[in-house]
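Residue numbering for the sequence shown follows full-length UniProt numbering, starting at 1 and increasing by one per position.
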Amino acid sequence: MYFLEISKIWEKIIFEVSILLKKEPILSDFYYNSILKHKNLNSSLSYILANKLSTSIVSEKKIQNIFDNIYLNNSFMLKFIVQDIQAILQRDPAVKDYLTPLLYLKGFHALEAYRLSHYLWGIKNTSLSKYLQNRISSEFSVDIHPAACIGSGVMLDHATGIVIGEGVIIEDNVSIFHSVTLGGTGKNFSKNRHPTIRKGVIIGAGAKILGNIEVGLEAKIGAGSIVLKNVPPYVTVVGVPAKIVNPLDSQKYSSQEALNDFSYINRFQYGDGI
1 MYFLEISKIW EKIIFEVSIL LKKEPILSDF YYNSILKHKN LNSSLSYILA
51 NKLSTSIVSE KKIQNIFDNI YLNNSFMLKF IVQDIQAILQ RDPAVKDYLT
101 PLLYLKGFHA LEAYRLSHYL WGIKNTSLSK YLQNRISSEF SVDIHPAACI
151 GSGVMLDHAT GIVIGEGVII EDNVSIFHSV TLGGTGKNFS KNRHPTIRKG
201 VIIGAGAKIL GNIEVGLEAK IGAGSIVLKN VPPYVTVVGV PAKIVNPLDS
251 QKYSSQEALN DFSYINRFQY GDGI
């Protein structure tokens, strides 16, 4: 399935480049090296990421070979590329084509580089994984621990200053804006010290979600909010500390579910045991 989708996206990218070559011939070498000399999207992405993450000590070619081998031997990684790049086109009104995320958006670059470091972490190649985490942080100003678990269709918008801790779980189709922290409170030193973010959540710029808490399905976290307690699904929370500012979407609930969740919301608002 994803082989077909990634091939279609690649065809669109090649078409977009062919048009731009006529408009901006000064960028012809850039387009050739980044796009046209490659056979597919994952090869192009490997080159782009390796070019950004390499140093004078660890060469671009060595890193690119590692990335190419991961993509070649783990086809499930294509799912993440496809769904992450599609998420940007669906949710970012400033992006109108596939070429822009691939070439220019450091949120997309940081996320895909994290996915490679996460794979290496999973096969116990922790030294290289940590090296990549450091380079991702230095190059993109995004610090994602390679042990964090991040689903597909995720958008890191602008991305500068995002911090995602070791035990964080982020499900599919989540949008995270710049300067967001998903971390611990500093009071808990166990592995279970970081938040879980459920599907479809939107986290506004500068928000801090701290501790072993859960942000429910399709909840919205307002910019600059500090969240220290569980957030129910389908609500918007804002402020320091964060409080619910909108009612539940009744269309997404049966009456009994709504009754249960209104009780949950009251406990969130007034601090009874959550």
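Ideal Cβ placement from N, Cα and C applies to all residues, glycine included.
Whose C-beta lies closer than 7 Å to the C-beta of residue i among residues of the same chain, with five residues either side of it excluded?
i: G167; result: K191, N192, R193 and H194
i: I70; result: M77, L116 and Y119
i: F140; result: K106, H109, A110 and A159
i: P241; result: I226 and L228
Using a Cβ-Cβ cut-off of 6 Å (strictly less than) and excluding sequence neighbours within five positions of residue i, which residues of its own chain qualify?
i: I13; result: Y98 and L99
i: I164; result: I144, A148 and L182
i: G153; result: Q83, A87, D172 and N173
i: Q90; result: none
i: Y270; result: For Y270, the pLDDT reaches just 43, beneath the cut-off of 50, and the residue's location in the model is therefore unreliable, leaving the point undetermined.
Look at the Cβ atom of residue i, then the Cβ atom of residue j, and state whether they are nearer than 9 Å.
i: L174; j: V201; result: At residue 174 the sequence reads Val, which differs from the Leu that was named. Yes, these two residues count as a Cβ contact at 9 Å.
i: I162; j: I170; result: no
i: L217; j: T185; result: no
Taking the beta carbon of residue i as the centre, do at least 16 other beta carbons fall within 10 Å, making it buried, or is it exposed?
i: I19; result: exposed
i: I26; result: exposed
i: I123; result: exposed
i: E24; result: exposed
i: S44; result: buried
i: Y114; result: buried
Out of the options, which one is the CA nearest neighbour of residue i?
i: I197; options: K220, F189 and T185; result: K220
i: Q86; options: C149, D172 and F140; result: D172
i: I66; options: N33, S46, N51 and K52; result: S46
i: M155; options: V17, K199, H38 and P232; result: K199
i: D157; options: D92, L210, I9 and R135; result: D92
i: L72; options: F3, K37 and L102; result: F3
i: V17; options: L36, I9 and Q133; result: L36
i: S54; options: L132, G186 and G211; result: L132
Which residues in the same chain as residue i place their Cβ atom closer than 8 Å to its Cβ, once the five residues preceding and following it in sequence are excluded?
i: I6; result: N40, L41, N42, L78, I81 and V82
i: I213; result: P195, T196, V227, L228, K229, N230 and V231
Measure the beta-carbon distance from residue i to residue j and round it to whole angstroms, keeping in mind my assumption that it falls under 8 Å.
i: S179; j: A205; result: 6 Å
i: S129; j: P146; result: 4 Å
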